[in-house]
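Going by the working numbering, the sequence shown opens with residue 556, and the numbers climb by one from there. Here a beta-carbon is modelled for each residue, glycine too, at the ideal position from N, C-alpha and C. Only a predicted model underlies this, so the values are computations on that prediction, with no experimental measurement involved. Worksheet for the structure shown next.
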Amino acid sequence: MASAALVAEARQGILIRVEETAGIRRFQYPVAAEVELPQAVARDTCFRLLRGGEPVLAQVRAAEPGGAVARWWIDFPVDLLPYKSLGYELEYGDAPEGPGRKQGLKLIPSADRFRVANEPHIAWTVPRDLGGLLQSVLAGEIEYFRPGPGGLLLRDADGKDHPIGGGKNGVATNVSVTREGPLAIGLRFEIPEAGPALAQVRSTVDLVFPVFKSWVEVDWRIQDPQGKVRGAGARVQVNLDAPTPQAATLIDYGATGLVYLSLGPGQRSLLTGHAGAWQVLRGVPERMEPFVFGPERPDNPVRPEGWAHVMDRRRCLAVAVHRFADAAEDRIAISADGLTELHRPFPARVESAAAPKRLRFWLHCVPFPPQQTAATSPQAMQNPVVTAVQDRAAPPR
């Protein structure tokens with residue numbers, strides 16, 4: 556006799572509501588929700604997503620191991636007008652399987668790397684040990700990244716930066732595929748620290764690749780029970796053409812307004828912000844000079860948006876940081892040669908294991924100019940569509 560946990564005996568449903576809260580129109584915007592069913596069902600259970608009673612495109616994948624699964628990932632695209640919301644219903648059990656997408660993302664693993672490909676449009680190469688974060692982002696004949704001093708970095712109490720991953724100190728990276736399908740691919744990296752400066756610190760990094768956007772979302776959570784971590788950052792080397800007097804490196808910064816500038820050979824720029832104050836500096840590394848400062852409004856501070864475009868005349872990297880300058884003096888630094896760095900400091904206090912430190916950001920690769928080629932904005936990345944999940948049988952809230 557089959558266990559009741561393995562059988563969905565009747566059609567059941569989960570209500571999903573999505574809401575646009577940033578005032579930005581969304582086109583095929585990727586929505587991801589982790590749904591917990593009232594009871595576990597078999598891994599081969601059929602699901603379908605309905606909007607207004609009609610099946611719509613969606614991808615449903617188990618979010619935990621085992622033959623009977625209660626937690627599931629659902630990924631689907633939405634079109635939303637500013638400040639509007641939509642209701643969906645996820646049916647499962649004896650429901651027919653809903654529409655899927657045959658073409659899209661493919662995960663191609665090898666001994667030392669993962670390749671996430673949406674042929675013929677773009678392919679991402681990620682090291683299995685996450686050393687350097689990204690090896691390559693290739694779109695047609697355009698390569699967006701090149702080898703360099705890249706990756707995710709932890710800063711200790713002495714101000715020293717420690718790259719995570721890469722198999723340093725003989726510590727292995729545990730990697731798993733959180734979901735895999737044509738609409739979205741998720742990779743999770745779990746990395747403990749072995750050195751004395753960061754002992755008992757553990758990183759969990761989720762990389763998510765949606766099919767309808769050429770970005771990767773990086774969600775990094777840091778368990779630091781002894782309060783040893785003073786900061787977290789990321790460093791990537793954009794494969795820009797060398798700047799010249801006739802064709803400088805172009806930079807846009809999202810502050811409380813748009814700041815645009817150009818960088819000649821050897822120059823660097825910096826956006827910093829905290830508690831409603833922000834500034835942009837430009838110059839050579841040893842002599843950074845004021846370029847634009849934010850308005851002085853101590854009685855009504857406005858947080859800078861915290862994004863940037865890094866561009867030559869063929870490629871653009873859009874980088875956006877979630878909750879930039881919300882609780883600390885966050886920084887985005889960009890050099891003329893394409894070196895792009897993020898940093899978030901953390902206060903010197905012990906954190907509970909239940910409240911990890913976090914740095915979440917997006918890297919979006921599009922051809923130049925982004926105003927013409929990008930299907931979304933940095934602000935849209937920073938402000939994902941809000942999703943609420945509710946059991947259909949539960950009382951409304």
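Excluding the 5 residues flanking R581 on each side, which residues of the same chain have their C-beta closer than 7 Å to its C-beta? As a first step, residue 581 must be located in the sequence shown, where it is residue number 26. The beta carbon of R581 sits closer than 7 Å to those of E575, V633, D634, L635, A935, V940, all from its chain and outside the five residues before and after it, given in chain order.
DSSP-derived helix/strand/coil call for Q548: Outside the displayed span of the chain (556 to 952) sits residue 548, for which this structure offers no information.
Alpha-carbon to alpha-carbon, L570 and P950: Position 395 of the sequence shown holds residue 950. Position 15 of the sequence shown holds residue 570. Per-residue confidence for P950 stands at a pLDDT of 42, beneath the threshold of 50, marking its modelled position as unreliable; the derived number appears in the next sentence. Between the alpha carbons of P950 and L570 lies a distance of about 11 Å.
Specify the secondary structure class of P765 as computed by DSSP and reduced to three states. For the purposes of this step, residue 765 is taken as residue 210 along the sequence shown, with counting starting at 1. P765 falls in the strand class under three-state DSSP.
Using the beta-carbon count (16 or more within 10 Å), is R823 buried or exposed? Here residue 823 refers to the residue found at position 268 of the sequence shown. Flag for R823 reads buried.
Can you tell me the Cβ-Cβ gap for L795 and D867, rounded? I've got them flagged as a contact below 8 Å. The sequence position of residue 795 within the sequence shown is 240, counting from 1. The sequence position of residue 867 within the sequence shown is 312, counting from 1. A Cβ-Cβ distance of about 4 Å is found for the pair L795 and D867, placing them in contact under the 8 Å criterion.
Decide if Y699 is buried, meaning its Cβ has at least 16 other Cβ atoms within 10 Å, or exposed. Mapped onto the sequence shown, residue 699 falls at position 144. The residue in question, Y699, is buried, as its Cβ has 16 or more Cβ neighbours within 10 Å.
Under the three-state reduction of DSSP, which class applies to T804: helix, strand or coil? Translated into positions along the sequence shown, residue 804 becomes position 249. T804 falls in the strand class under three-state DSSP.
Which of the three DSSP states is assigned to K723 in this structure? By one-based count along the sequence shown, residue 723 stands at place 168. Looking at K723 - three-state DSSP - the assignment turns out to be helix.
For the alpha helix (DSSP H) containing A935, name the first residue and the last one. Counting from 1 along the sequence shown, the entry for residue 935 is found at position 380. Judged by DSSP secondary structure, A935 falls within the alpha helix (DSSP H) whose first and last residues are 933-937.
Taking the Cβ atom as the reference point for each residue, do G714 and R899 lie within a distance shorter than 8 Å? Start at 1 with the first residue of the sequence shown, and residue 714 comes out as number 159. Start at 1 with the first residue of the sequence shown, and residue 899 comes out as number 344. No, Cβ-Cβ distance for G714 and R899 is not below 8 Å.
Quick one, which of T928, W917, Y808, A597 has its alpha-carbon nearest P765's? Here the question's residue 765 lines up with position 210 in the sequence shown. The residue among T928, W917, Y808, A597 with its C-alpha nearest the C-alpha of P765 is W917.
Indicate the three-state DSSP secondary structure (helix, strand or coil) for L561 in the structure shown. Position 6 of the sequence shown, counting from 1, holds the residue named residue 561. Below a pLDDT of 50, predicted positions are generally treated as unreliable, and L561, at 35, falls in that range; the measurement from the model is reported next regardless. Helix at L561.
Can you tell me the Cα-Cα spacing of A560 and Q594, whole angstroms? Taking the first residue of the sequence shown as 1, we reach residue 560 at position 5. Taking the first residue of the sequence shown as 1, we reach residue 594 at position 39. Confidence at A560 is low in this model, with a pLDDT of 35, below 50, so the placement of that residue is unreliable and no value is reported for it.
Reduced DSSP category for Q927 - H, G, I as helix; E, B as strand; rest coil: Along the sequence shown, one-based indexing puts residue 927 at 372. Here Q927 carries a helix assignment [DSSP, helix/strand/coil].
Assuming A739 contacts L660 under a Cβ cut-off of 8 Å, what Cβ separation, rounded to an integer in Å, is found between them? Here the question's residue 739 lines up with position 184 in the sequence shown. Here the question's residue 660 lines up with position 105 in the sequence shown. With a Cβ gap of about 7 Å, A739 and L660 count as contacting.
Own chain residues within Cβ distance below 8 Å of N938, not counting five before or after: For the purposes of this step, residue 938 is taken as the residue at position 383 of the sequence shown. Excluding sequence positions up to five before and after N938, its CB lies within less than 8 Å of the CB of T576, A577, I579, all in the same chain and listed in chain order.
My understanding is that V760 touches F744, with C-beta atoms under 8 Å, so please give their C-beta distance in whole angstroms. Here residue 760 refers to the residue found at position 205 when the sequence shown is read from its first residue. Here residue 744 refers to the residue found at position 189 when the sequence shown is read from its first residue. Between V760 and F744 a beta carbon distance of about 4 Å is seen, short of the 8 Å cut, so the two are scored as contacting.
Please report how far the alpha carbon of S529 lies from the alpha carbon of G828, in whole angstroms. Past the edges of the chain, shown from 556 to 952, lies residue 529, and the structure says nothing about it.
Closer than 8 Å by C-beta to D854: which residues in its own chain qualify, once you throw out the five before and the five after it? Chain order, please. Residue 854 sits at position 299 when you count from the first residue of the sequence shown. Closer than 8 Å at Cβ, skipping near neighbours: no residue.
When the Cα atoms are used, what is the spatial distance from L762 to T804? Indexing the sequence shown from 1 puts residue 762 at position 207. Indexing the sequence shown from 1 puts residue 804 at position 249. Rounded to the nearest whole angstrom, the C-alpha separation of L762 and T804 is 28 Å.
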